[in-house]
Amino acid sequence: MSTPNDAVSIPRRAEVIREFKGRGGRVAAVLPIHYPRALFRAFDILPVEVWGPPKIDASSAATHLQPYICSIARNALAFVLGGGLDVADLIIVPHTCDSLQGLASVLIDFITPARPVYPIYLPRGNRPSDLTFLASELRSLSNRLEQLTAYTPSETRLMECIEQEEAADRWLADLHQRRTELPLSQYDLYRVLRSREFLPADRLCALAETIIARAGGYPRRDDIPVLMSGIVPEPMEMLRSLEKMGGRVASDDFACCGRRLYPAGRSSEPFVRMAESIIQGPPDPMRGCSIQDRLAHLARLAGTSGARGVVFYTIKFCEPELFQLPALRTGLQEIGVRTLNLEVDLSDPLSQSALTRLEAFLEMIG
Amino acid sequence: MSIGGLVSYHWNVNVFGKVALRGRRWRAELRGNRSRRSSDLAPPLRITPRTKELIFSHYLQGRYANLRRKVAWVTSGAPVEFLRALDFFVLYPENHAAVCGTTRVAEEICGEAEKAGYSRDICSYARTDIGSVLSGRTPAGRLPRPDLLVACTNICQTVLFWYQVLADRLKVPLILIDTPFIYSEAQEHAIEYVRRQLEESVPVAEQVAKQSLDERRLRDVTRHSRDAVELWMQILDRAVHRPAPISAFDQFIHMAPVVEMRGEAYTVDFYSRMLKEVDDRVAGGVGAVRNEKKRLLWDNLPIWYRLRYLAELLGRRGVALIASTYTNAWGELAPMIDPERPFESAARTYLHPILNRGTGHKLATMKRLAERYGIDGVILHSDRSCKPYSIGQVDQCARLARECGLPSLLLEADHSDPRAFSEEQAANRLGAYLELLGV
Ligand code: SF4
Ligand code: SF4
Chain A
1 MSTPNDAVSI PRRAEVIREF KGRGGRVAAV LPIHYPRALF RAFDILPVEV WGPPKIDASS
61 AATHLQPYIC SIARNALAFV LGGGLDVADL IIVPHTCDSL QGLASVLIDF ITPARPVYPI
121 YLPRGNRPSD LTFLASELRS LSNRLEQLTA YTPSETRLME CIEQEEAADR WLADLHQRRT
181 ELPLSQYDLY RVLRSREFLP ADRLCALAET IIARAGGYPR RDDIPVLMSG IVPEPMEMLR
241 SLEKMGGRVA SDDFACCGRR LYPAGRSSEP FVRMAESIIQ GPPDPMRGCS IQDRLAHLAR
301 LAGTSGARGV VFYTIKFCEP ELFQLPALRT GLQEIGVRTL NLEVDLSDPL SQSALTRLEA
361 FLEMIG
Chain B
367 MSIGGLVSYH WNVNVFGKVA LRGRRWRAEL RGNRSRRSSD LAPPLRITPR TKELIFSHYL
427 QGRYANLRRK VAWVTSGAPV EFLRALDFFV LYPENHAAVC GTTRVAEEIC GEAEKAGYSR
487 DICSYARTDI GSVLSGRTPA GRLPRPDLLV ACTNICQTVL FWYQVLADRL KVPLILIDTP
547 FIYSEAQEHA IEYVRRQLEE SVPVAEQVAK QSLDERRLRD VTRHSRDAVE LWMQILDRAV
607 HRPAPISAFD QFIHMAPVVE MRGEAYTVDF YSRMLKEVDD RVAGGVGAVR NEKKRLLWDN
667 LPIWYRLRYL AELLGRRGVA LIASTYTNAW GELAPMIDPE RPFESAARTY LHPILNRGTG
727 HKLATMKRLA ERYGIDGVIL HSDRSCKPYS IGQVDQCARL ARECGLPSLL LEADHSDPRA
787 FSEEQAANRL GAYLELLGV
């Protein structure tokens, strides 16, 4: 059964950027996955994320990257080359994986776009040394931003921004948790959740508040709940197809969504606090989490959301995801949770055979 | 470790194994150079039987290691000195995978991992190792079970994912040494981070080893590491001579000890002998390729299962492949190793391998090697399995041609998995390239 679908009004990414720049702010194009939003906001920089983007002609990327590099990296590069990021004042590339490491390096050393490219290294553990390192890495990024903007935010300003982002994270977590009560189709739900990729924190909070105010009062859905795991739910039409087939995303472990439900940091030192928040986020292979931590997390998500199966929505050539997949599938199957793996390429529409497999999976678990 | 186990180890490794391997080497040395190698190439180095003896002996010790010592499996770029000082037997799954590649069993062993759900899109070294763990298959007879895993991200992030799979399957502790990637210069907080992780690793390793780290022993091991690495660099550097006394193919074969036996006195002794032999070749004007007309540089891992094919194909045309960024990587960091400051210097050294540095640095390294060795062209192996080494090659290839006038070829393959290599396509591309070089 489909849900009531009151189309939700989400500002368009281009409008948000225009408005923000119109009042003198700067924009940072940010590649996946983890980065300190608050730090940028303290410099009056709006981070706008680039997940691909999907469905673009990525052939120009072949002038720099081999075909066995994932489509997130290839599409991002094609987007840069095609002028898609010209609106940005700087490009941020978190060190997420070997592919983004290489992309950042190629941008810095060979392509040298007109705007600066700043990488951020993310430690792969959650030991005290990882926290100390990440806090220093964020300080070092802050120094670069100071040079770029000729502005030094006060510690108070930085803490204000951190608190704003923490508030936005809480609203986001609420949206995730109360998703079944929201008057949104799967497609619109993910448009809302993913607006975190470009909306300033205050606007995200306002949007979430409006939507949550309309929560409840909708009949309990009897469609088939699944947990989805992967990098990004692109192409987003997949969500429409899922809904048409009688499925629903009960919970997610997408790198762009569920894996970024950061808890608030605790320190009163701003850099340590931002680092704590990132390091203590949900298990993510790109931050070095162990297979067992991830498995326990997925099992918990499936259990609490009532998901009857897990769909791994994998991007071709994405090693960080591919390595953990067999153990996760086996582990979930051992506790009675069925799994499906769909491999996608951001440049291609979802294939008919992938849709058929998804439908068959829903029938099997439904 | 039971008395029976110790006796078995001693008999199989120190008595029977040693005698058998030594006998085998002597026979090979007596036979001399009656190899099947093409007449366009110099005979294999005289040291080759000794290299084989070292490698066989290493795997033989490994076979029985669980009976006598604690075993650590480590990534190829991992700081190994503190493990050796704690008397671990150290195994390098990447080296084992390379042996599987050279002996052409990698494809079948990868198949075991693929059957268990590991995608063909992940590194073939990892697939080989996981396949070997799952099936027990190895050309080495048997691999020792690890008591400890050490993954250092200074070559790629892949190793962390791979070692997490091992830790999960084998239920052994995993030490992570995370080495922030250097886009331009290493920052102080990154060096401090690596140093701190190294120091934090020691108690974990000590607990597994059931002994304390002896600092004097650590300094000795570090000294042996440095000496071996320095000798290796000198050997590579002899390729400045014309004709070049050894080829990159020789380097690929003889690099195993500097990778997996770093820190041992016998490795230093081995490379001293090898250097002497290479110097004899220089003095005698012996070239690795008999009629050297052109000199090439190789980038990236070797194509293990086609070493001979490529050596002969190039040798026939008088082309000597004399240097490689890969073998150079095992020597260029020697000046950073300081036995008197083992942790501080290890933090710097293990942060700086070429694979942990930007694509521009790799281009600069290739230009430097090209200049030093009088290189006429570059073959960049675009290795489907090794994304961190391969990303950047498209630009590097174009810039080597444009900025240095070096004809450069991007050759698609995979270091271990022959399914990603088309001999026909490679022959066509190489043929056209050699024509361009005028040979
Ligand atoms: S899809 Fe995977 S490989 Fe590609 S950028 Fe994202 S994490 Fe890296
Ligand atoms: S990805 Fe490359 S560096 Fe990493 S293990 Fe594989 S071959 Fe080695």
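Quick mapping for you: the protein sequence lines, in order, are chains A and B.
The opening position of the first sequence corresponds to residue 1 in my numbering, with each subsequent residue numbered one higher.
The opening position of the second sequence corresponds to residue 367 in my numbering, with each subsequent residue numbered one higher.
Glycine included, each C-beta is placed from N, C-alpha and C at the ideal position.
Source: prediction; values computed, not measured.
Residue 571(B) versus 449(B), 549(B) and 802(B), residue with shortest Cα-Cα distance: 449(B)
Distance, Cα to Cα, residue 277(A) vs residue 123(A)? 13 angstroms
Are there three or more Cβ pairs, one per stretch, closer than 8 angstroms when the stretch 208-216 of chain A is compared with the stretch 31-49 of chain A? no
Can you check which of these residues, 419(B), 404(B) and 528(B), is closest to residue 389(B) by C-alpha distance? 419(B)
Could you pull out every unbroken alpha helix (DSSP H) segment of at least 4 residues lying fully inside the stretch 658-691 of chain B, listed in chain order? 673-682
Between the stretch 66-95 of chain A and chain B, which residues of the former have a C-beta closer than 7 angstroms to a C-beta of the latter? 66, 68, 69 and 95
Please work out which residues of its chain come closer than 7 angstroms, Cβ to Cβ, to residue 596(B), disregarding the five sequence neighbours upstream and downstream, and give them in chain order. 700
Can you tell me which of the three DSSP states residue 767(B) falls into? helix
Determine, for residue 124(A), whether the minimum Cβ-Cβ distance to residues of chain B falls below 7 angstroms. yes
Can you give me, in chain order, the residues of the stretch 519-546 of chain B that have a beta carbon less than 9 angstroms from any beta carbon in chain A? 519, 522, 523, 524, 526, 527, 528, 530, 531, 533, 534, 535, 540, 542, 544 and 546
Proximity test, residue 763(B) beta-carbon vs ligand 2 heavy atom, cut-off 6 angstroms: no
Taking the alpha-carbon positions, what's the residue 617(B) to residue 692(B) distance? 10 angstroms
Quick check: is any heavy atom of ligand 1 less than 6 angstroms from the C-beta of residue 318(A)? yes
When the Cα atoms are used, what is the spatial distance from residue 575(B) to residue 541(B)? 14 angstroms
Following the continuous beta strand (DSSP E) through residue 26(A), name the residue where it begins and the one where it ends. 26-30
Coarse secondary structure for residue 718(B), derived from DSSP in three states: coil
Same chain, Cβ closer than 8 angstroms to residue 413(B), five either side skipped, listed in chain order: 620, 636, 639, 640 and 643
Excluding sequence positions up to five away, which residues of its chain have a Cβ less than 8 angstroms from the Cβ of residue 326(A)? none
Residue 106(A) touches chain B at which residues, Cβ-Cβ below 7 angstroms? 725, 757, 758 and 761
Looking at C-alpha atoms only, which residue of 731(B), 471(B) and 478(B) is the closest neighbour of residue 719(B)? 731(B)
Per DSSP, cross-strand counterpart(s) of residue 253(A): 229(A)
Could you please tell me which residues of the stretch 553-574 of chain B, in chain order, have their CB closer than 7 angstroms to any CB of chain A? 553, 555, 559, 562, 563 and 566
Could you tell me whether the Cβ atoms of residue 687(B) and residue 614(B) are closer together than 7 angstroms? yes
Find the residues of chain A that neighbour residue 720(B), judging by a C-beta separation of less than 8 angstroms, and give them in chain order. Simply none; closest approach about 12 angstroms.
Which residues in chain A sit within 7 angstroms of residue 750(B), going by Cβ to Cβ distance? 68
Interface residues of chain A around residue 482(B) at Cβ under 8 angstroms? 326
Helix, strand or coil for residue 338(A)? Go by DSSP, reduced to three states. strand
What is the DSSP secondary structure of residue 344(A), reduced to helix, strand or coil? strand
What in chain B is Cβ-close to residue 292(A), meaning under 8 angstroms? 534
Going by C-alpha distance, which of 223(A), 194(A) and 337(A) is nearest residue 231(A)? 194(A)
Say the cut is 6 angstroms; is the CB of residue 96(A) nearer than that to a heavy atom of ligand 1? yes
Do the CB positions of residue 588(B) and residue 705(B) come within less than 7 angstroms of each other? yes
Which residues, in order along the stretch 475-505 of chain B, keep a beta-carbon less than 8 angstroms from a beta-carbon of chain A? 482, 483, 484, 485, 487, 488, 489 and 492
Determine the burial state of residue 100(A): buried for a count of at least 16 other Cβ atoms within 10 Å of its Cβ, exposed for fewer. buried
Closer than 7 angstroms to chain A by CB, residue 716(B): no
State buried or exposed for residue 295(A), treating a residue as buried only when at least 16 other CB atoms are found within 10 Å of its CB. buried
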